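2 protein chains.
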Amino acid sequence: MTSCGVVDGVVTLGHGGGGRLTHELVARHFGAGAAAGARLDDAARLDVADARLAFTTDSFVVTPRFFPGGDIGRLAVCGTVNDLACMGARPVALSAAVVIEEGLAEEELARVAQSMSAACDEAGVRVVTGDTKVVERGSADGLFITTSGVGVVREGIELSGSGARAGDAVLVSGPVGQHGLAVMVARHGLASLHGIESDCAPLWGLVERLLEEVGGAVHVLRDPTRGGLAASLNEIAEQSQVRVVLDVPSGIVTGAVGGACELLGLDPLTLASEGRLVVVVDGAACEQALSVLRAHPQGRGSIQIGQVVDGGGAARVTLATVLGTERVLDMPTGELLPRIC
Amino acid sequence: MTSCGVVDGVVTLGHGGGGRLTHELVARHFGAGAAAGARLDDAARLDVADARLAFTTDSFVVTPRFFPGGDIGRLAVCGTVNDLACMGARPVALSAAVVIEEGLAEEELARVAQSMSAACDEAGVRVVTGDTKVVERGSADGLFITTSGVGVVREGIELSGSGARAGDAVLVSGPVGQHGLAVMVARHGLASLHGIESDCAPLWGLVERLLEEVGGAVHVLRDPTRGGLAASLNEIAEQSQVRVVLDVPSGIVTGAVGGACELLGLDPLTLASEGRLVVVVDGAACEQALSVLRAHPQGRGSIQIGQVVDGGGAARVTLATVLGTERVLDMPTGELLPRIC
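In order, the protein sequence lines correspond to chains A and B. Heads up: the first sequence is residues 725 to 1065, going by my numbering. Heads up: the second sequence is residues 725 to 1065, going by my numbering.
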């Protein structure tokens, strides 16, 4: 057993955190033959006839299934829509496969289905195909939903985590970490931390506006879910072989999230958001991008949080400290908060 | 509680059997807003730009994960490839989302991943995007895999369960029920029933040959998985508003499957296959279709099992009995064999 709770040869909760262990597990088993996750982008690009498609999938196992600001159904729609959006793709169809534990109240299933339907309306997409499996009591934890999505990539747009270049600005569309913290509060009944709601929302509308106005100057889009900003930015640095230098302003978290993180000893940069967008944009288009984002209801809190510089052979993310020095912001490792999506 | 073990208001194993209860559950909750499964076809048709696509998803929760003739990985690839094939679609890309129970041996995960990769090679398709979630011990039963698939529908082909017409012949590409029985034998350690192997196989090669040769005379394709032939034929009868009259020859099951069914009191017509094809074809093209199917390694055991006649307002499937009378073959209801896929 190593220091971060990994037992050799078996899968641990840490492997599901979305950080370094998840990447290693996927690369080890699915890297060669099946290319699952190999590119590390949120979705795969697929060219079929004249159609430029994006294709993505995610399983949702969040617990509890209902939390302030959302539920597993809303999350399952938004998560997949946002993965498509981060490829510059308008979502055109979703699939939904549910694994239900015997004994789940039908009333709960109905609420989740309604929530999925409402989120689909919001995102302008439909679930067109599905599957239902039921397993014995004790063989699943209530309800798991896997959504996949097909989207059409906007003309002239080709986004990937490898697109960041020295001179780019790094923006985020609003304060981060609300989703991860909202799930945690709901799970542990931390009543004193009320007022923290998940940011869970479909991002295609915001992305579409940004691409309409700033187009090719947008180099990378990411939604910082599992592993939070720390994971997303490390993935971008790694894929683009650049250094990302953060100078995080206080507006990166709301007061409530900041206070809760201090109280609980959590780093907000590793907490998941499900309705925020990381934008890496040509430095020259930074101000224009910020004003487009801020003009959209979902981007009002947009701020610049850093810039991209030459990696000099060492891809990494660094963070300015209050002492005027820099520290490395690592890819999160280990358990983080399990089952937040 | 009703006679078939359904408790009002909660989801039961019977809801996952793929029979009437599954259809009712899906229609009740996912019917209106989200159209999951609403059309009852194996996949959804999707037109994007000039591309005629099919899109499908299935979760695989089979237990045990390894059984004679296959495993959960092979099944997860074949199941989705076959759903696309039944829409006349060449599979072009798969996604794979895995939910892993903490504690699963990595060696087992590796075997499953290799098996998926081999099945992909066999089917001529690749997993292009994926997701990995890990849940706590006791929150899932080892490993669940959800695959989705995108396929390109063959030019000039438009298949649906609603395509059957009076005068059509009903064919099946080989003996049925091997998969369901193989899983059951593995699950219960019925050593005396050795020699029964799953028929699990990707069907696109067989379907492609059939469509090349018989083309538009093919009216419906189905792979009889959960609920077996009984479920598939009832779905076709219902969607096409016709009567399907079966005159099932003894070749419909292998000797081993027939014997085991007699011993265990199972109806082979409700047992799942995962590598068999039901073909509804214009009566005039029946002989040609049979010879094309039989010339392919996966269709050598092809036989005619019935015909389509006017429904007269009552869509149903009937079966000739040894007494020369007819009995109704109902849509299977209730538990059947849970978790065979």
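No residue lacks a Cβ here, since even glycine has one placed at the ideal position from N, Cα and C. On a predicted model such as this, the values are computed, not experimentally measured, just so you know.
Review point. Are the beta-carbon atoms belonging to B:Phe868 and B:Val750 less than 9 Å from one another?
Key: For the 9 Å CB-CB criterion, B:Phe868 and B:Val750 do not form a contact.
Check your understanding: Grouping DSSP H, G and I as helix and E and B as strand, with all else coil, what is B:His747?
Key -> B:His747 sits in a helix when the DSSP states are folded into three classes.
Exercise for review: Provide the residue span of the beta strand (DSSP E) that contains A:Leu970, from first to last.
Suggested key: That run of the beta strand (DSSP E) goes 966-970.
**Study point:** Nonlocal neighbours in the same chain, by C-beta distance under 8 Å from A:Leu1014, ignoring five residues either side
**Key:** Closer than 8 Å at Cβ, skipping near neighbours: Leu895, Ser1026, Ile1027, Gln1028.
Review point. At what residue ranges does the stretch 812-839 of chain A contain a whole run of the alpha helix (DSSP H), taking only runs of 4 or more?
Key: Listed in chain order, nothing qualifies, since the stretch 812-839 of chain A has no complete alpha helix (DSSP H) run of 4 or more residues.
**Study point:** Contacting positions in the stretch 833-844 of chain B - beta carbon closer than 7 Å to chain A
**Key:** Answer in chain order: Leu833, Ala834, Ala837, Gln838, Met840, Ser841, Cys844.
Practice item. Please confirm whether B:Glu1050 and B:Leu1061 have their CB atoms less than 9 Å apart. Key: B:Glu1050 is not a Cβ neighbour of B:Leu1061, given a cutoff of 9 Å.
**Study point:** DSSP state of A:Ile881 mapped onto helix, strand, coil
**Key:** If DSSP states are grouped into helix, strand and coil, A:Ile881 belongs with coil.
Practice item. Taking B:Ser916 as the reference, give the member of B:Leu1053, B:Ala980, B:Val1002, B:Arg878 with the closest Cα. Key: Here the closest residue by C-alpha is B:Ala980.
Review point. Excluding five sequence neighbours on each side, which residues of the same chain lie with their C-beta closer than 6 Å to the C-beta of B:Arg950?
Key: So the list reads Gly742, Ala996, once near-sequence residues are dropped.
Practice item. Would you kindly check if the distance between the Cβ of A:Glu932 and the Cβ of B:Leu737 is under 9 Å? Key: No. Outside cutoff.
Review point. So, do the stretch 1004-1024 of chain B and the stretch 972-989 of chain B have three or more beta carbon pairs nearer to each other than 8 Å?
Key: Note that the stretch 1004-1024 of chain B does not touch the stretch 972-989 of chain B; fewer than 3 beta-carbon pairs, one per stretch, sit closer than 8 Å.
**Study point:** Identity of the residues DSSP links to A:Ile869 by a beta bridge
**Key:** Among the bridge pairs identified by DSSP, A:Ile869 is matched with A:Phe784, A:Val822.
Practice item. Name, please, each residue of chain A whose Cβ falls closer than 7 Å to the Cβ of B:Asp855. Key: Residues of chain A passing the Cβ test: Thr781, Asp782, Ser783.
**Study point:** A:Arg946: first and last residue of the uninterrupted beta strand (DSSP E) it sits in
**Key:** Its beta strand (DSSP E) spans residues 942-946.
Review point. Does DSSP put B:Asp845 in a helix, in a strand, or in coil?
Key: DSSP places B:Asp845 in helix when its eight states are reduced to three.
Check your understanding: Is the shortest distance between the beta-carbon of B:Ala760 and the beta-carbons of chain A less than 9 Å?
Key -> Unreliable placement is indicated for B:Ala760, whose pLDDT of 38 sits below 50; no coordinate value is reported for it.
Check your understanding: Taking only beta-carbon atoms, is A:Ala910 less than 9 Å away from chain B?
Key -> Not one chain B Cβ lies under 9 Å of A:Ala910.
Check your understanding: Three-state secondary structure (DSSP) at A:Asp795?
Key -> Residue state, collapsed to three classes: strand.
Review point. Does the stretch 913-928 of chain B come within contact of the stretch 796-806 of chain B, defined as at least 3 CB pairs closer than 8 Å?
Key: Remark: three or more beta-carbon pairs, one from each stretch, lie closer than 8 Å, so the stretch 913-928 of chain B and the stretch 796-806 of chain B are flagged as touching.
Check your understanding: If we cut at 9 Å on Cβ distances, does B:Val907 have a partner in chain A?
Key -> Taking CB atoms only, B:Val907 has no neighbour in chain A less than 9 Å away.
Exercise for review: Would you list the one or two residues that DSSP bridges to A:Ala996?
Suggested key: A:Ala996 is not bridged to any residue.
Review point. Between A:Gln1022 and B:Arg752, what straight-line distance do the alpha-carbon atoms span, to the nearest angstrom?
Key: Inter-residue distance for A:Gln1022 and B:Arg752 is about 33 Å (C-alpha atoms, whole angstroms).
Review point. Among A:Ser956, A:Arg1018, A:Gln838, A:Val972, which has the Cα closest to the Cα of A:Arg744?
Key: It is A:Ser956 whose Cα lies nearest to the Cα of A:Arg744.
Point to revise | Paired residues, beta bridge with A:Ala768 - DSSP | key: In DSSP, A:Ala768 forms a bridge with A:Phe779.
**Study point:** Status (buried if at least 16 other CB within 10 Å, exposed otherwise) for B:Ala888
**Key:** Classification of B:Ala888: buried, given that the 10 Å Cβ count is 16 or more.
Exercise for review: Report the rounded CA-to-CA distance for B:Glu937 versus B:Val1016, giving the unit in angstroms.
Suggested key: Cα to Cα, B:Glu937 sits roughly 7 Å from B:Val1016.
**Study point:** Residue of B:Thr1057, B:Cys1065, B:Ile1064, B:Arg1063 minimising C-alpha distance to B:Glu748
**Key:** Closest by C-alpha distance to B:Glu748, out of B:Thr1057, B:Cys1065, B:Ile1064, B:Arg1063, is B:Thr1057.
Point to revise | Whole-angstrom distance between B:Val734 and A:Glu831, CA atom to CA atom | key: Between A:Glu831 and B:Val734, the C-alpha separation is close to 8 Å.
Exercise for review: Have a look at A:Glu882, A:Gly880, A:Glu921, A:Val1033 and flag the residue whose alpha-carbon is nearest the alpha-carbon of A:Val900.
Suggested key: Looking at the Cα atoms, A:Glu921 is the closest of the given residues.
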